[in-house]
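Undergrad: Number 576 in our numbering belongs to position 100 of the sequence shown; there are no gaps in the numbering. First the structure, then my questions, so here it is.
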Amino acid sequence: MMILPYSLTTADRVEIHELPGRYGDAIDDRDWTRLDTVFTQDAVFDLTGVGSRICNGLDDIKAFMELEAAHPRTHMMTNIYAESDEHAVELRFRIVALIGKGLTSTGSYYDKLVKTDNGWRTYHRCVSSRRRDKREAEVDRLGIAL
């Protein structure tokens, strides 16, 4: 379960920094089972910021990816930043996705993390098609009810 207080070691930061890459590889490879290494079983994936829906739980996230999501072929994660305080561990990153014929798509991801027995996982993700100031993000500093 969670480790309190949220003091991140170098090993924690390395593992957390790898989460976006694991997510991108799983999506690009269409290997939904690898999402187990990114999300908790009860994770919430809020895609309303990109005109979609909220997925509740890992099985719902996988079903969404399989049936509903339009997937670019290449995801590149940038501006990866993790921070922690006495309340939360948060991860923010930008995504640039190549969708073919020279077209790209961008977005911002705002994650809340928990350290499980199997390593760091996202338990809440909010996606936005635009970059928001950190102070304005819905998931900033536990500013939303889960």
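From the three backbone atoms N, C-alpha and C, an ideal C-beta is built for every residue, glycine too. Being a predicted model, the structure only gives us computed values, none of them experimental.
(1) Helix, strand or coil for L543 per DSSP?
(2) By how many angstroms is the C-alpha of E562 removed from the C-alpha of I503?
(3) Measure the C-alpha to C-alpha separation of Y499 and I492 and round it to an integer number of angstroms.
(4) Could you tell me the boundaries of the alpha helix (DSSP H) in which L558 lies?
(5) Does the distance from the C-beta atom of R570 to that of T554 stay below 8 Å?
(6) If I measure Cβ to Cβ from E544 and keep anything under 7 Å in the same chain, skipping five residues before and after, which residues do I get?
(7) Check A519 in the structure and name its three-state DSSP category.
(8) Between the alpha carbons of M478 and L589, how many angstroms are there, rounded?
TA: Considering the structure as presented:
(1) Start at 1 with the first residue of the sequence shown, and residue 543 comes out as number 67. DSSP places L543 in helix when its eight states are reduced to three.
(2) Walking along the sequence shown from the start, residue 503 turns up at place 27. Walking along the sequence shown from the start, residue 562 turns up at place 86. For I503 and E562, the distance between alpha carbons rounds to 32 Å.
(3) Start at 1 with the first residue of the sequence shown, and residue 499 comes out as number 23. Start at 1 with the first residue of the sequence shown, and residue 492 comes out as number 16. The alpha-carbon atoms of Y499 and I492 are separated by roughly 12 Å.
(4) If you number the sequence shown from 1, residue 558 lands on position 82. Checking the displayed sequence, the identity of residue 558 turns out to be Ala instead of Leu. No alpha helix (DSSP H) holds A558; the beta strand (DSSP E) holding it covers 550 to 560.
(5) Translated into the one-based positions of the sequence shown, residue 570 becomes position 94. Translated into the one-based positions of the sequence shown, residue 554 becomes position 78. The beta carbons of R570 and T554 sit closer together than 8 Å.
(6) Counting from 1 along the sequence shown, the entry for residue 544 is found at position 68. Result list for E544: empty, nothing under 7 Å.
(7) Counting from one through the sequence shown, the residue named residue 519 turns up at place 43. Secondary structure at A519: strand, using DSSP grouped into helix, strand and coil.
(8) Looking up residue 478 in the sequence shown gives position 2. Looking up residue 589 in the sequence shown gives position 113. Below a pLDDT of 50, predicted positions are generally treated as unreliable, and M478, at 48, falls in that range; no measurement from the model is reported.
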